[in-house]
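Below is one structure, written out as structure tokens; comments come after it.
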Amino acid sequence: MDEKKSKQDTIFDMAKIKAGIENKLKGTDDKGYSTGGTLEQKTQQMHETKNEAKKGKKFVLTGISGFDELFENGIPKGSNILVAGGAGSGKTIFCLQTLEYHCSRGEKCFYMSFEESEKRLMEHMEDFGWNSKKLIESGNLKIKRYLPSDIHYVSEKGSDNAMFAKEEDSQLLQLEPVSLEEGFNPDFVVIDSLTAIASAFMGKEGSYRFYAERLFRFFENMGSTNYFITETGQMPETFSQTGVEEFLADGVIVLYNIKRENMRERAIEVLKMRGTKHQERIVAMKISEKGMVVYPKQEIFGEIHTK
Amino acid sequence: MLKDETKKSIEQAIQMDKHGVIIMIELPVNAYFEMNSSTIKLLTNQGFEGIYISFQRPFKNISSFFKSEGIDTSTILFVDAATALSGEQQNEDPRCIHISQALDIDELVKAIYLSLPKLKGQKKFIFIDSLTTISLYKPLSQIMRFSEFLMRTVRKENEENVILIFNVAKDLTQKKFIKDIAFHVDQVISVDNNG
Amino acid sequence: MDDIEKISKELNNLPEGWIVMLETTPEKMLEVSLSTIKFLSDEKNYIGIIVSASRPQKNLIQLYKQKKIDTKKILILDCISKSQSLDLEEASNVIYLESVSSLTNISLAITASIQQIPGDKFVFIDSINSMLIHNKPEVFAQFIHGILTKLRIGGINGLLISLDNETNKEIHAEIAQLCDRIVKI
């Protein structure tokens, strides 16, 4: 008993233990991943897995602590992914964090904002300690704000306002739904948001559907991995404006902000992702001072849906 | 520990001259698992091989307890749904089938369907512990579908002698779905606090 | 046999990695909790992770000191103080959680605590009845099932305390059947 007692005493420092626990809860633990290892180690491991992936398929990570563990290999490169959730659920943070991860690794990223200004988005990044200015100056990150009036079909000859174009017009198939800066070929794109684009079409659902489809095809052909933000209710049961976006998308990631008495509890799930196996569970998520942290082994207790 | 009287009731039930016997055992919550393991010991001592489907406890805990009780675990295949539900890592073991975290009933059905032929003995059992625990996670329609699959399986004409045992805590027997299942079993054995 | 003797006898007879439910009366609940924690931390030299849904940490620490329980061997997961807007004084052995109804958060905190604390330990959920005031019974049963499974996989001891005859019969049965032993004091 005395030997056991002294062994317990020597290895036990409650203050240090408490700090370790709090870091894990806040997601500010440098190790981050629940299966141990640093982010770099985990990235390396997953890249190695990627290289061995069947049928020569390539996969990408998001760099979000715990989130990539929801996948067997990662997100198939070149996927179109809906990032759906209610107000304040963390969609923008999810996308900014992913872009920061890739820009820091020398990859090219493009944030198309139909909602917030460039300045605002940069401030969001700075809030989490991500040096947006440095990433922009390096040429790896571009943030551009669009207005609804910018939604045009474009060609070398000119452009047509997409909202007024008739969706049956087959000539639109020759035009691009968006123009990018020449020479800038992003590896990752965020479109924020499809909801804003849809609202700009002012009740012309047909025109919007046609435009959305063209947008998906455009980015698919470009070969980038693309995240389309869509606003839903807090407890979504549909994940896009018209439903066609869910059909077009290769993947759907849903963020929840669940009401519990007088509090909110965050959660995330990979609802769909073609081309890879993934966990089919809603798991706990938090937004810490360093960004989003996902707990892939922590289920959510209590009801998620209103029905 | 089970009283002699209870053991006798179980023995009589499992020796029923009937194809595909289905039993429901109602246990008091005090020493619930101890009595569970006494039932398993009785079965294995009688030469039964079986599938133990656990929603309540992980495989690691059950197998170590069974071994400490002198139960020959080499005659039992475990289906560990409990570890899946908790989201924890599952260690590989040749005697244990782990179910994925989604806890798909169809996956469970498939696991049982594939496990039965692996039991080589003449006398087999399927032990479910317990339906009320899985009902915390899954809709009742799926629980009923699962129960019906099990009952159909053991009563199939060409299926060898398989005994199906549903384990239920006594205080939970008033749940409607448990009553519905109890209606279809061959015998309900009620165990009191003393075994 | 007095209550403390009964508790020690029951807990001494179990193999490591036990899960026990203590059932007692409202009058005895506090004393049973304190005596059990004292036995496990002093006699068995376990580190205790106390999930407190009944009392804020300030009150608990006072009671532990009165009972001469070494608070350096106790980590309190205080589910009360934050939601009640009480003073969240910094303490090296207290972690404040959002509320008693934040079961996911509590589960995360227990998991993190188990991972961080070395050596022999126990998790004490105080109490079933307090937690049921704030949570739907079926959801709470899921939570308990999840926690107890984690404890079992980790070979960690667990204690739950509840009021005899005061708990919803069905939920009591759902939880009790997951335990290795029910000890009535």
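Protein chains in written order, with numbering that gives the first Met the number 0: chain R, 0 to 306; chain C, 0 to 194; chain E, 0 to 184.
Built from N, CA and C at the ideal position, the CB exists for glycine as well.
Item to check | alpha helix (DSSP H) segments (min. 4 residues) lying fully within the stretch 97 to 156 of chain E | outcome: 102 to 115, 127 to 133 and 136 to 153
Next on the checklist: Here's the rule: buried if 16 or more other CB atoms are within 10 angstroms of the residue's CB, otherwise exposed. What is D186(R)?
Outcome noted: Position 187 of the first sequence, counting from 1, holds the residue named residue 186(R). Classification of D186(R): buried, given that the 10 Å Cβ count is 16 or more.
Checklist entry - Are there 16 or more other CB atoms within 10 angstroms of the CB of F183(R), so buried, or fewer, so exposed? => result Your numbering for residue 183(R) matches position 184 in the first sequence. Its Cβ having fewer than 16 others within 10 Å, F183(R) is exposed.
Item to check | Three or more C-beta pairs below 8 Å linking the stretch 268 to 275 of chain R and the stretch 103 to 112 of chain E | outcome: no
Next on the checklist: In the DSSP output, what is Y226(R) paired with across the bridge?
Outcome noted: Looking up residue 226(R) in the first sequence gives position 227. Bridge partners of Y226(R): I80(R) and V189(R).
Next on the checklist: Suppose only complete runs of 4+ residues qualify. What are the alpha helix (DSSP H) ranges in the stretch 121 to 155 of chain R, listed by chain order?
Outcome noted: 131 to 136
Checklist entry - Should E99(R) and M124(R) be called a contact, given that it needs their Cβ atoms to be closer than 8 Å? => result For the purposes of this step, residue 99(R) is identified with residue 100 of the first sequence, where counting begins at 1. For the purposes of this step, residue 124(R) is identified with residue 125 of the first sequence, where counting begins at 1. Cβ distance < 8 Å, so E99(R) and M124(R) count as in contact.
Checklist entry - So what does DSSP say about G205(R), is it helix, strand or coil? => result Residue numbering aside, residue 205(R) sits at position 206 when the first sequence is read from its first letter. G205(R) falls in the helix class under three-state DSSP.
Checklist entry - Which whole-angstrom value is the C-beta distance of D170(C) and E169(E), which I expect to be below 8 Å? => result Counting from 1 along the second sequence, the entry for residue 170(C) is found at position 171. Counting from 1 along the third sequence, the entry for residue 169(E) is found at position 170. At roughly 6 Å, the Cβ-Cβ gap stays under 8 Å, so D170(C) and E169(E) are in contact.
Checklist entry - Should A86(R) go down as buried or exposed, given a rule of 16 or more other Cβ atoms within 10 Å for buried? => result Along the first sequence, read from residue 1 onward, the residue named residue 86(R) stands at position 87. By the neighbour-count rule (16 or more Cβ atoms within 10 Å), A86(R) is not buried but exposed.
Checklist entry - Is DSSP giving P116(C) helix, strand or coil here? => result Position 117 of the second sequence, counting from 1, holds the residue named residue 116(C). Residue state, collapsed to three classes: helix.
Next on the checklist: Rounded to whole angstroms, what is the Cα-Cα separation between I3(E) and I181(E)?
Outcome noted: Residue 3(E) sits at position 4 when you count from the first residue of the third sequence. Residue 181(E) sits at position 182 when you count from the first residue of the third sequence. Looking at the two C-alpha atoms, the distance is approximately 15 Å.
Checklist entry - Would E87(C) count as contacting chain R if we go by Cβ distances under 8 Å? => result As a working mapping, residue 87(C) is identified with position 88 in the second sequence. Answer yes: the Cβ-Cβ gap between E87(C) and chain R drops below 8 Å somewhere.
Next on the checklist: Is there a Cβ of chain C sitting closer than 8 Å to that of A52(E), yes or no?
Outcome noted: Here residue 52(E) refers to the residue found at position 53 when the third sequence is read from its first residue. Output row for A52(E): interface = no.
Checklist entry - Just the Cα atoms here: how many angstroms apart are I307(R) and V99(E)? => result Past the edges of chain R, shown from 0 to 306, lies residue 307(R), and the structure says nothing about it.
Checklist entry - Excluding the five sequence neighbours on either side, which residues of its own chain have a C-beta within less than 7 Å of the C-beta of E68(C), listed in chain order? => result Reading the second sequence from its first residue, position 69 is the one you call residue 68(C). Excluding residues within five positions, the ones whose Cβ falls inside 7 Å are S36 and K40.
Next on the checklist: On the CB-based measure, 16 or more other CB atoms within 10 Å of its CB, does P25(E) come out buried or exposed?
Outcome noted: On the third sequence, position 26 is the one that residue 25(E) refers to. Under this definition P25(E) is an exposed residue.
Checklist entry - Is DSSP giving M262(R) helix, strand or coil here? => result Taking the first residue of the first sequence as 1, we reach residue 262(R) at position 263. Strand, per DSSP.
Next on the checklist: Residues of chain R with CB closer than 9 Å to the CB of L107(E), please, in chain order.
Outcome noted: Here the question's residue 107(E) lines up with position 108 in the third sequence. In chain order: K23, L24, A283, K285, Y294 and Q297.
Checklist entry - Within the chosen definition, does the stretch 9 to 26 of chain E reach the stretch 149 to 159 of chain E through at least 3 CB pairs nearer than 8 Å? => result yes
Item to check | Cβ neighbours of K3(R) in the same chain (closer than 8 Å, five flanking residues each side left out) | outcome: Your numbering for residue 3(R) matches position 4 in the first sequence. Low confidence applies here, because K3(R) scores a pLDDT of 47, under 50, leaving its location unreliable and the question unanswered by this model.
Next on the checklist: Cutting at 6 Å between CB atoms, please list the residues of its own chain near L42(C), excluding the five before and the five after it.
Outcome noted: As a working mapping, residue 42(C) is identified with position 43 in the second sequence. Excluding sequence neighbours, L42(C) sits near F124.
Item to check | Start-end ranges of the beta strand (DSSP E) lying completely within the stretch 34 to 69 of chain E, minimum 3 residues | outcome: 46 to 51
Checklist entry - Distance, Cα to Cα, I24(C) vs F64(C)? => result By 1-based counting over the second sequence, the position of residue 24(C) is 25. By 1-based counting over the second sequence, the position of residue 64(C) is 65. Straight-line Cα distance between these residues: approximately 20 Å.
Checklist entry - Near N139(R), which residues of its chain fall below 7 Å by C-beta distance, leaving aside the five closest residues on each side in sequence? => result Position 140 of the first sequence, counting from 1, holds the residue named residue 139(R). C102, G105, E106, K107 and C108.
Next on the checklist: I'd like to know whether the C-beta atoms of T231(R) and G84(R) end up nearer to each other than 8 Å.
Outcome noted: To locate residue 231(R), count along the first sequence from 1; it is residue 232. To locate residue 84(R), count along the first sequence from 1; it is residue 85. It is a contact, given that the beta carbons lie within the stated cut-off.
Checklist entry - My guess is that M150(C) and I21(C) are in contact by the Cβ rule of under 8 Å, so how many angstroms apart are they, rounded? => result Within the second sequence, residue 150(C) is the residue found at index 151, counting from 1. Within the second sequence, residue 21(C) is the residue found at index 22, counting from 1. At roughly 6 Å, the Cβ-Cβ gap stays under 8 Å, so M150(C) and I21(C) are in contact.
Item to check | Cβ neighbours of A52(R) in the same chain (closer than 8 Å, five flanking residues each side left out) | outcome: Locating residue 52(R) in the first sequence gives position 53, counting from the first residue. Residue confidence for A52(R) is low, a pLDDT of 48 falling below 50, so the modelled location carries little weight and cannot support an answer.
Item to check | Interface residues of chain C facing Q278(R) [CB-CB closer than 7 Å] | outcome: Reading the first sequence from its first residue, position 279 is the one you call residue 278(R). The answer, in chain order, is Q100.
Item to check | Listed by chain order, chain C residues near P14(E) by CB distance under 9 Å | outcome: Here the question's residue 14(E) lines up with position 15 in the third sequence. Those are S63, F64 and S67, listed as they occur along chain C.
Next on the checklist: Using beta carbons (cut-off 8 Å, strictly below), is M331(R) in contact with chain E?
Outcome noted: Here chain R covers residues 0 to 306 and nothing more, so residue 331(R) does not appear.
Checklist entry - Where does E71(R) sit, in a helix, a strand or coil, going by DSSP? => result Here residue 71(R) refers to the residue found at position 72 when the first sequence is read from its first residue. Reduced to three states, the DSSP call for E71(R) is coil.
Checklist entry - For S85(C), is the classification buried or exposed, using 16 other Cβ atoms within 10 angstroms of its Cβ as the cut-off for buried? => result Numbered from its first residue, the second sequence carries residue 85(C) at position 86. Classification of S85(C): buried, given that the 10 Å Cβ count is 16 or more.
Checklist entry - Is the Cβ-Cβ distance between N225(R) and I190(R) less than 8 Å? => result As a first step, residue 225(R) is located in the first sequence; it is residue number 226 there, counting from the start. As a first step, residue 190(R) is located in the first sequence; it is residue number 191 there, counting from the start. Yes, they are a contact pair.
Next on the checklist: Looking only at its chain, what residues have a beta carbon closer than 6 Å to the beta carbon of E207(R), apart from the 5 residues adjacent to it on each side?
Outcome noted: Here residue 207(R) is taken as the residue at index 208 of the first sequence, counted from 1. Residue 207(R) is actually Tyr in this sequence, not Glu. Same-chain partners within the cutoff: A197 and F200.
Next on the checklist: Would S80(E) and Q56(E) qualify as a contact pair, given that the criterion is a beta-carbon distance under 8 Å?
Outcome noted: By one-based count along the third sequence, residue 80(E) stands at place 81. By one-based count along the third sequence, residue 56(E) stands at place 57. Yes, Cβ-Cβ distance for S80(E) and Q56(E) is below 8 Å.
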